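Sequence positions in the sequence shown follow this note's numbering and run 611 to 743.
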Amino acid sequence: MAVKTLKDVTEIDEVYTYSDIDIFMNIENNDILLLKDYASVYQAVWNILNTDPGEMPMLATFGLNLKRLIFEPNSNSSQIKNIIIKGIEAWEDRIEIVDLNISKSGVDNNVVTLEFIFQMGNQTILQSYDITK
Numbered sequence: 611m612a613v614k615t616l617k618d619v620t621e622i623d624e625v626y627t628y629s630d631i632d633i634f635m636n637i638e639n640n641d642i643l644l645l646k647d648y649a650s651v652y653q654a655v656w657n658i659l660n661t662d663p664g665e666m667p668m669l670a671t672f673g674l675n676l677k678r679l680i681f682e683p684n685s686n687s688s689q690i691k692n693i694i695i696k697g698i699e700a701w702e703d704r705i706e707i708v709d710l711n712i713s714k715s716g717v718d719n720n721v722v723t724l725e726f727i728f729q730m731g732n733q734t735i736l737q738s739y740d741i742t743k
């Protein structure tokens, strides 16, 4: 099983029809950016990880409240791992999580890195997300 990164899957053989609107503007034409294929999935997972439940008015249960959980002094990493996996599985059906590793770094452990191995179609993708305090 070959593991790929986001850079590797920007030009893959399979054709995906996923797309999302990016939160950043396209400075070339002063319009919104349209994310396609894996970039749209990356953005969707990032949104799930960085949104607290109740933050989106029409989707009250969307999000994970992750910052509160991972930066608590006595946080249980296996419980946090379960919450992350269940939350992503509930809101993002375009991928399957094969593995998730959680590590802390920075001054006073103020950065948590979530390293995922995703299955998307027949592609296996390695992707990291940094969550800061």
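Ideal Cβ placement from N, Cα and C applies to all residues, glycine included. In this text the structure is predicted, and so the values were computed from the model without any measurement.
Indicate the three-state DSSP secondary structure (helix, strand or coil) for residue i in the structure shown.
i: Asn-711; result: strand
i: Leu-736; result: strand
i: Gly-716; result: coil
i: Gly-582; result: Nothing in the structure corresponds to residue 582, since the chain is present only between 611 and 743.
i: Gly-664; result: coil
i: Glu-699; result: helix
i: Arg-704; result: coil
Any idea which residues DSSP pairs residue i with across the strands?
i: Ile-727; result: Asp-709, Leu-736
i: Val-779; result: Nothing about residue 779 can be read from this structure; the chain reaches only from 611 to 743.
i: Ile-741; result: Val-722
Comparing C-alpha positions only, which one of the options sits nearest to residue i?
i: Ile-741; options: Glu-702, Asn-686, Ile-707, Ile-658; result: Ile-658
i: Ile-698; options: Phe-681, Asp-647, Asn-686, Asn-675; result: Asn-675
i: Arg-678; options: Asn-660, Ser-688, Leu-669; result: Asn-660
i: Asn-711; options: Lys-743, Lys-691, Asn-732; result: Lys-691
i: Ile-727; options: Tyr-739, Ser-713, Asp-709, Val-717; result: Asp-709
i: Ala-670; options: Tyr-648, Ala-649, Trp-701, Ser-687; result: Trp-701
i: Asn-719; options: Trp-656, Glu-682, Ile-694; result: Glu-682
i: Val-717; options: Lys-743, Ile-694, Glu-725; result: Lys-743
i: Gly-673; options: Ile-694, Asn-686, Ser-688; result: Ile-694
i: Ser-685; options: Ser-713, Gly-664, Met-668; result: Ser-713
Who are the Cβ neighbours of residue i in its own chain at under 7 Å, not counting the five residues just before and after it?
i: Ser-715; result: Val-721, Thr-723
i: Thr-620; result: Residue confidence is low: Thr-620 scores 47 on pLDDT, short of 50, so the model does not pin down where it sits. Its coordinate-derived value is still stated next. Same-chain partners within the cutoff: there are none.
i: Ile-680; result: Ile-690, Val-722, Ile-741
i: Ile-705; result: Val-651, Phe-728, Gln-729, Met-730
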